[in-house]
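Residue numbers (the numbering used here), protein chains in the order written: chain A, 819 to 1211; chain B, 819 to 1211. Positions of the beta carbon are idealized from the N, C-alpha and C atoms, including for glycine. Below: the structure, in structure tokens.
Number of protein chains: 2
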Amino acid sequence: MLTAAPATARRRILLGPGPSEVSARVREAMARPLLGHLDPEFLGLMTQTQDMLRRLFRTTNPLTFPVSGTGSAGMEACFVNLLEPGERALICVNGQFGARMADVATRTGADVVSLERPWGKVFDADEIERGLKLHRPKLVAIVHAETSTGALQPLSELGRMCREHDALLVVDAVTSLGGLPVETDLWQIDAIYSGTQKCLSVPPGLAPVSFGPRAIQALEARKRPVQSWYLDITMIQRYWGSERFYHHTAPISMIYALHEGLRVIEEEGLEKCWERHRRTHGALKAGLEAFGMELVPDSENQLPTLNAVRVPRGIDEASLRQRLLSEYGIEIGGGLGEFKGKIWRIGLMGESSRSANVGLLLGAMEESLAGMGFGMRDALTAMEKYLQAQKAG
Amino acid sequence: MLTAAPATARRRILLGPGPSEVSARVREAMARPLLGHLDPEFLGLMTQTQDMLRRLFRTTNPLTFPVSGTGSAGMEACFVNLLEPGERALICVNGQFGARMADVATRTGADVVSLERPWGKVFDADEIERGLKLHRPKLVAIVHAETSTGALQPLSELGRMCREHDALLVVDAVTSLGGLPVETDLWQIDAIYSGTQKCLSVPPGLAPVSFGPRAIQALEARKRPVQSWYLDITMIQRYWGSERFYHHTAPISMIYALHEGLRVIEEEGLEKCWERHRRTHGALKAGLEAFGMELVPDSENQLPTLNAVRVPRGIDEASLRQRLLSEYGIEIGGGLGEFKGKIWRIGLMGESSRSANVGLLLGAMEESLAGMGFGMRDALTAMEKYLQAQKAG
């Protein structure tokens, strides 16, 4: 019987669509000895984690906690709890994760209406209001930061509109939470989910969620049990609420990591953290533009956290990614779905959103592309523009 | 804005129903820098992890992998994939986790028939065969190691019987896998799930599962999509199978921990690991008996991994647990459901299953009970019996 070799600790610089870099401090938190999931010390840690999550989501919602699964489990938790068979959901689809929401929602037996926009585009409020009037859904779901296209969806008007039409607003904030403004209460979002492995720079494995009073009313008015036992918020809230009643064994070490990751953000200051993401994105964009490359979304709807770059004609996108990985240890992502082979996805999220990473990536791209026979016009200019953008902030 | 204090690293000795102790070696594995979930290095680690899981489950099933959630997510993965609305499931219920299986299975819309035995008792094969003949279910589900009662369910005849009656056999091995024989192929088990936080001594957060050829046939014959997107094995198998096609971001750091935890077991040797659990349980039992305490299940059906101890008349069970925790840093568990307030649950699983822990616990129990005014008859004898049992092996 062969025993597997110990895992290597090969170092990567993670500039893909997630996971992002995780600091030694957060990784060391995971290495702490375990407490039981009902240990008074651990219950205290849960309370602190929930307080920090509320500040991060900008909400006072009591029902704010991390679901014991990755971001997609957070997505599923929203739909299986808020929808019952036959109820109508209006799902905004302009990329892979909107499409995933529609798939997840359909599996609840709900009557799902997809509102579609081309990949990379965003929805305007009028379009959604027409959908609300026409379809009268129980729930509208939309992706704030579409990881497959790099598009940033404006949200500030939607909550008010949904209330006027008596619909719940569900938001996917997987690639925005912590990296740009997410105003759960101000924007009147009823249910919101995220993941730990993006702008929070905590390993993948938890999905922070928050449910507001209207979502809780909907939960309480359910006629049937939630179809998922594991994700049943009516039961989970007894553990993450004041009772601390056992539901399933919480992923202790991951919660240590989240607790420490949230402390890191509070030490930097949330607004400063947003500002850092904005600046780093600007620097990358200036460099890419000097290479003659452009981002997929219109300039007013580009995510600072995830840069979807059109692959210039004649370049094999996979070869560049392979070179970056093997020669520089840099991971960037390829396209998903209809963008497969057509874009690169460069994540600048959490700990990965650093000027040094931008400089390194631009330099490595220039060298790699030259090595592949593509002399980038103005490679030096790209670095200059990047440095100028850095200076200008 | 207040920043939460850093988490303390208060040391506990975890002798409850899980999580069990996690070695520094496994905790340090979690602290490794992250790889992306599609990084070739990480894909190699996945392959090794799956190979080790197959040896642990004693199976050649290709579809063997860790579900991205705790043990209950593994349970739900089995039922939502193998059941469709209206199909009949026969669920054996003799404790909390059997009851949970029935709850989870009912939420699929299946026609669930519960076969019941008193808590602490086990099922005999004839009883299940009568159920098979009477109800003609698509699937029979049973708990191998009932964590709420400490009962060990014999399984060796059930697979053959289920095949004769054209039913699938689903087994909960959460508190047995790694701590006592679990023979997936030999016992003809079609689907089996476990958790990492028991005998594998890896933090909670993953649920190893294995699906055999008959389960895969059932999956392929489904008429409707699986109701859970997150747990849909027909999609997840594209990531954990040879394609390595993205489904959801794998919980990287938890998989590092599982990989290392499985290496620890292979280094000790699986049979030696079972034997250690058996010996340590024997030592604890000898000591408890000398205290005049008895275990819940009949002597031939006692789990080596989880000892359910009846609380002697007149002792407040919660006070003892609180004393053990506050004065000795030892965690043991209380009863669940109908055993609440009536039993203690002492786990000797994985790294926690050590002679030193048994000696420490017996000594601490004797001192604590004396402090609570209960002089245990023969406290010294208890320690003597324990030492004799240790010597005799």
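Check: Around the Cβ of P955(B), are there at least 16 other Cβ atoms within 10 angstroms (buried) or fewer (exposed)?; Outcome: buried
Check: Contact between the segment 942 to 962 of chain B and the segment 1166 to 1178 of chain B is defined here as three or more beta-carbon pairs at a separation below 8 angstroms; is this criterion met?; Outcome: no
Check: Do you know whose CA, among L856(A), R843(A), G854(A), L852(A), lies nearest R850(B)'s CA?; Outcome: R843(A)
Check: Assess contact between the segment 999 to 1013 of chain B and the segment 1157 to 1169 of chain B, defined as three or more Cβ pairs (one per stretch) separated by less than 8 angstroms. Is contact present?; Outcome: no
Check: Find the nearest neighbour of D1008(A) within the set A1039(A), G916(A), A959(A), S890(A), judged by alpha-carbon distance.; Outcome: A959(A)
Check: Would T1216(B) and P835(B) be called neighbours here (beta carbons separated by less than 8 angstroms)?; Outcome: The shown model of chain B, from 819 to 1211, leaves out residue 1216(B), and the question about it has no answer.
Check: So, for V911(B): in the same chain, excluding its five sequence neighbours on each side, which residues have a beta-carbon less than 8 angstroms away from its beta-carbon?; Outcome: A917, M919, A920, S932, L933, E934, R935
Check: Thinking C-alpha only, which one of W937(A), R1056(A), R1062(A) is nearest L1113(A)?; Outcome: W937(A)
Check: Kindly indicate if chain A contains any beta-carbon less than 8 angstroms away from that of E846(B).; Outcome: yes
Check: On the DSSP letters alone, give me the boundaries of the alpha helix (DSSP H) that G1177(B) sits inside.; Outcome: 1173 to 1189
Check: For the segment 1069 to 1078 of chain B and the segment 1087 to 1106 of chain B, state whether three or more C-beta atom pairs, one from each stretch, are separated by less than 8 angstroms.; Outcome: no
Check: Opposite G1151(A) in the DSSP bridges: which residues?; Outcome: R1163(A)
Check: How is the alpha helix (DSSP H) around E936(A) delimited, first residue to last?; Outcome: First, the amino acid is wrong: residue 936(A) is Pro here, not Glu. Note, P936(A): premise wrong, no alpha helix (DSSP H); not H, not E.
Check: Give the DSSP bridge partners of Q1120(A), in chain order.; Outcome: A969(A)
Check: Less than 8 angstroms separating the beta-carbons of R873(A) and N879(A)?; Outcome: no
Check: In the DSSP assignment, find the beta strand (DSSP E) that holds A1009(A) and state where it starts and stops.; Outcome: 1009 to 1011
Check: Give the single residue among L852(A), E1156(A), A907(A), I1148(A) whose Cα lies nearest to the Cα of A923(A).; Outcome: A907(A)
Check: I'd like to know whether the C-beta of I1070(A) is nearer than 8 angstroms to at least one C-beta of chain B.; Outcome: yes
Check: Taking C-beta to C-beta, are E894(B) and W1092(A) nearer than 8 angstroms?; Outcome: no
Check: Check whether the segment 1056 to 1072 of chain A and the segment 1117 to 1136 of chain A are in contact - that is, three or more C-beta pairs closer than 8 angstroms.; Outcome: no
Check: Does R1139(A) have its Cβ less than 8 angstroms from a Cβ in chain B?; Outcome: no
Check: Rounded to whole angstroms, what's the CA-CA distance from Q1035(B) to N899(B)? Just pull it up for me.; Outcome: 11 angstroms
Check: With DSSP run on the structure shown, which of helix, strand or coil describes P999(A)?; Outcome: coil
Check: Which residues in chain A have a C-beta closer than 8 angstroms to the C-beta of L1178(B)? List them in chain order.; Outcome: Near L1178(B) there are no residues of chain A at all, since even the closest Cβ is about 16 angstroms away, more than 8 angstroms.
Check: Can you find a CB in chain A that lies within less than 8 angstroms of the CB of M1190(B)?; Outcome: no
Check: Using a threshold of 8 angstroms, state whether the C-beta atoms of T882(B) and Q866(B) are closer than that.; Outcome: no
Check: Check whether the Cβ of H1066(A) lies closer than 8 angstroms to any Cβ atom in chain B.; Outcome: yes
Check: Expressed to the nearest angstrom, what Euclidean distance is found between the alpha-carbon atoms of A991(A) and L1088(B)?; Outcome: 44 angstroms
Check: Does any CB atom of chain B fall closer than 8 angstroms to the CB of T888(A)?; Outcome: yes
Check: Please report the distance separating the alpha-carbon of Q1206(A) from that of L1180(A).; Outcome: 14 angstroms
Check: Between G1152(A) and the rest of its own chain, which residues show a CB-CB distance below 8 angstroms, the 5 nearest in sequence each way excluded?; Outcome: E1135, A1136, R1139, K1158, G1159, I1161, W1162, R1163
Check: Below 7 angstroms on C-beta distance, what does Y1048(B) contact in chain A?; Outcome: G887, S890, A891, E894
Check: On the DSSP bridge assignment, give the partners of S1170(A) in chain order.; Outcome: In DSSP, S1170(A) forms no bridge with anything.
Check: For a contact defined as C-beta to C-beta under 7 angstroms, what are the partners of Y1074(A) on chain B?; Outcome: A825
Check: Out of curiosity, what's the CA-to-CA distance linking T877(A) and L901(A)?; Outcome: 23 angstroms
Check: Rounded to whole angstroms, what is the Cα-Cα separation between M819(B) and R1094(A)?; Outcome: Here M819(B) scores only 44 on pLDDT, less than 50, and its place in the model should not be relied on; the value that follows carries that caveat. Near 20 angstroms, if we compare the C-alpha coordinates of R1094(A) and M819(B).
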